[in-house]
Amino acid sequence: MSLLELNDLQVDLPVSGQYRRILQGVTFSLAPGAALGLVGESGSGKSVTLKSIMRLLPVQARVRGEIVYQAQSVLTLRKRALRTLRAEHVAMVHQDPRTAINPVRTIGDFMTEGIGRGSDAWDRAASALAEVGIRDARRRFAQYPHQLSGGLLQRVMIAGSLIHHPKLVLADEPTTALDMTSQADVVAVLARLQAERHLGLVFVTHDLDLAAAVTDTLAVMYAGVIVEYGPTARIQDRPLHPYTAALLASRPRLDRRTRLQTIPGRPVAAYETGTGCVFATRCPLATDRCRTERPALADHGGRLAACHRVGDSEFDDAVVRARKAATP
13 MSLLELNDLQ VDLPVSGQYR RILQGVTFSL APGAALGLVG ESGSGKSVTL KSIMRLLPVQ
73 ARVRGEIVYQ AQSVLTLRKR ALRTLRAEHV AMVHQDPRTA INPVRTIGDF MTEGIGRGSD
133 AWDRAASALA EVGIRDARRR FAQYPHQLSG GLLQRVMIAG SLIHHPKLVL ADEPTTALDM
193 TSQADVVAVL ARLQAERHLG LVFVTHDLDL AAAVTDTLAV MYAGVIVEYG PTARIQDRPL
253 HPYTAALLAS RPRLDRRTRL QTIPGRPVAA YETGTGCVFA TRCPLATDRC RTERPALADH
313 GGRLAACHRV GDSEFDDAVV RARKAATP
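Whatever position you read off the sequence shown (first residue = 1), add 12 for our numbering.
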């Protein structure tokens, strides 16, 4: 049985006075103990997907489709059951811990919220901090968020999220506000805890290298849809969608003096797409068919891709060029 399933998830949100489509039918499943990366540029729908799972969208949001957690429909949960889901089963690690942790409360207050104030609670909180590599927990309890570095505060956020022993963790770009060293530390902590605790993990990022370090499956999103889905290593080695290939080719490399590759055009929102492929306006391989007929997310040897051009020679040549550009 899957830990989490999304089936044809569609979300409309009010934008400039009218409802706009943000997610166009997102479907994926996550097994217990598995790690899925949601990858794509800003505005592709990654964070909205996570907020939908937690039911943290604005009350005006129009949500259709299914979100199923351990055979329960999340979208139909009553308030008490929803509180239990958030408190005991599903945890969320936010982009910026400085906005997620109350700045006028101490780290000790944050860590013991919901578990009591007795000696057992403090011991449990200290143990959780130690688990993410914070050894001087007792001293940290008296500190405030502004007294900690970004990397250390994100570790506190992770510790607080895991203190209730959830089965599923939703990490929404948890390294965005951090320097490279802190990013590596936070990703290493998440990967270790995910493996040790057999956690289900959905890891949102725009960085394919970070996703490769912590996930076993990737879902590449663009304009509110998944355009490629499959094992992380296989997608990294040979992408099946031009957008994935472009993302890989545009990764910065310290060992190169050549100009950084970019993806032509601008990202489009889901509500700006027409009847054709969502990536057609930026794709160098797009044909008339691509611009008028949206490709289905089809199986290609155990991987899924939404592209009419998979398998033709021009596409294969483009993938080879992209892979060479992405290889150090």
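Glycine included, C-beta positions come from ideal geometry on N, C-alpha and C.
Checklist entry - Roughly how many angstroms lie between the CA atoms of Gln82 and Ala43, to the nearest whole one? => result Taking the first residue of the sequence shown as 1, we reach residue 82 at position 70. Taking the first residue of the sequence shown as 1, we reach residue 43 at position 31. Gln82 and Ala43: Cα-Cα distance of roughly 10 Å.
Checklist entry - Is the segment 80-95 close to the segment 308-320, with three or more CB pairs under 8 Å? => result no
Next on the checklist: Tell me the rounded alpha-carbon separation between Met123 and Gly172.
Outcome noted: Here residue 123 corresponds to residue number 111 of the sequence shown, with the count starting at 1. Here residue 172 corresponds to residue number 160 of the sequence shown, with the count starting at 1. Near 5 Å, if we compare the C-alpha coordinates of Gly172 and Met123.
Checklist entry - Roughly how far, in whole angstroms, is the beta-carbon of Pro109 from the beta-carbon of Leu165, given that I think they are within contact range, below 8 Å? => result The count along the sequence shown starts at 1 and reaches residue 109 at position 97. The count along the sequence shown starts at 1 and reaches residue 165 at position 153. Indeed, because the Cβ distance is near 4 Å, the residues count as touching under 8 Å.
Item to check | Span separating the alpha-carbon of Phe153 from that of Ser131 | outcome: By one-based count along the sequence shown, residue 153 stands at place 141. By one-based count along the sequence shown, residue 131 stands at place 119. Each residue's Cα considered, the two are about 13 Å apart.
Next on the checklist: On the criterion of 16 or more Cβ atoms from any shown chain inside 10 Å, does Asp184 qualify as buried, or is it exposed?
Outcome noted: Taking the first residue of the sequence shown as position 1, residue 184 is located at position 172. Its Cβ being crowded by 16 or more others within 10 Å, Asp184 is buried.
Checklist entry - Whole-angstrom Cβ separation of Asp228 and Ala46, contact assumed at under 8 Å? => result To locate residue 228, count along the sequence shown from 1; it is residue 216. To locate residue 46, count along the sequence shown from 1; it is residue 34. Asp228 to Ala46, Cβ: 6 Å. Contact.
Checklist entry - Rounded to a whole number of angstroms, what is the C-alpha to C-alpha distance between Ser56 and Gly29? => result Here residue 56 refers to the residue found at position 44 of the sequence shown. Here residue 29 refers to the residue found at position 17 of the sequence shown. Ser56 and Gly29: Cα-Cα distance of roughly 21 Å.
Item to check | 6 Å Cβ shell around Ala292 - same chain, five flanking residues per side excluded | outcome: On the sequence shown, residue 292 is found 280 positions in, with the first residue counted as 1. So the list reads Ala298, Cys302 and Arg303, once near-sequence residues are dropped.
Item to check | Reference Leu205, options Val237, Ile170 and Ala235, closest by Cα | outcome: Within the sequence shown, residue 205 is the residue found at index 193, counting from 1. Taking only the C-alpha atoms, the option nearest Leu205 is Ile170.
Checklist entry - Under three-state DSSP, which class holds Gly52? => result By one-based count along the sequence shown, residue 52 stands at place 40. Correct three-state label for Gly52: coil.
Checklist entry - Can you tell me whether DSSP reads Ser14 as helix, strand or coil? => result Residue numbering aside, residue 14 sits at position 2 when the sequence shown is read from its first letter. Here Ser14 sits in coil by DSSP.
Checklist entry - Three-state secondary structure (DSSP) at Arg32? => result Start at 1 with the first residue of the sequence shown, and residue 32 comes out as number 20. Arg32 falls in the strand class under three-state DSSP.
Checklist entry - In the segment 94-123, which residue ranges form an unbroken beta strand (DSSP E) of at least 3 residues, counting only runs that do not cross its ends? => result 102-105
Next on the checklist: Taking CB distances under 7 Å as the criterion, tell me whether Pro70 reaches chain C.
Outcome noted: Included in the structure is just one protein chain, with no chain C present.
Checklist entry - Does the Cβ of Pro26 have 16 or more other Cβ atoms within 10 Å, making it buried, or fewer, making it exposed? => result Here the question's residue 26 lines up with position 14 in the sequence shown. That one is exposed.
Item to check | Contacts around Asp121, its chain only, beta-carbon distance under 8 Å, and the 5 residues preceding and following it disregarded | outcome: The count along the sequence shown starts at 1 and reaches residue 121 at position 109. Answer for Asp121: Asn114, listed in chain order.
Next on the checklist: Whole angstroms are fine: how far does the CA of Thr61 sit from the CA of Arg74?
Outcome noted: In the sequence shown, the residue the question calls residue 74 occupies position 62. In the sequence shown, the residue the question calls residue 61 occupies position 49. In a straight line, the C-alpha of Arg74 is about 13 Å away from that of Thr61.
Next on the checklist: Quick check on the DSSP output: the beta strand (DSSP E) that includes Tyr81 runs from which residue to which?
Outcome noted: Here residue 81 refers to the residue found at position 69 of the sequence shown. Residues Arg74 to Tyr81.
Next on the checklist: Only counting the same chain, and skipping five residues up and downstream in sequence, which positions put a Cβ closer than 6 Å to that of Pro279?
Outcome noted: Position 267 of the sequence shown, counted from the start, is the residue given in the question as residue 279. The answer, listed in chain order, is Glu53 and Gly55.
Checklist entry - Can you name the residues that DSSP bridges to Gln159? => result Position 147 of the sequence shown, counted from the start, is the residue given in the question as residue 159. Beta-bridge pairing links Gln159 to no other residue.
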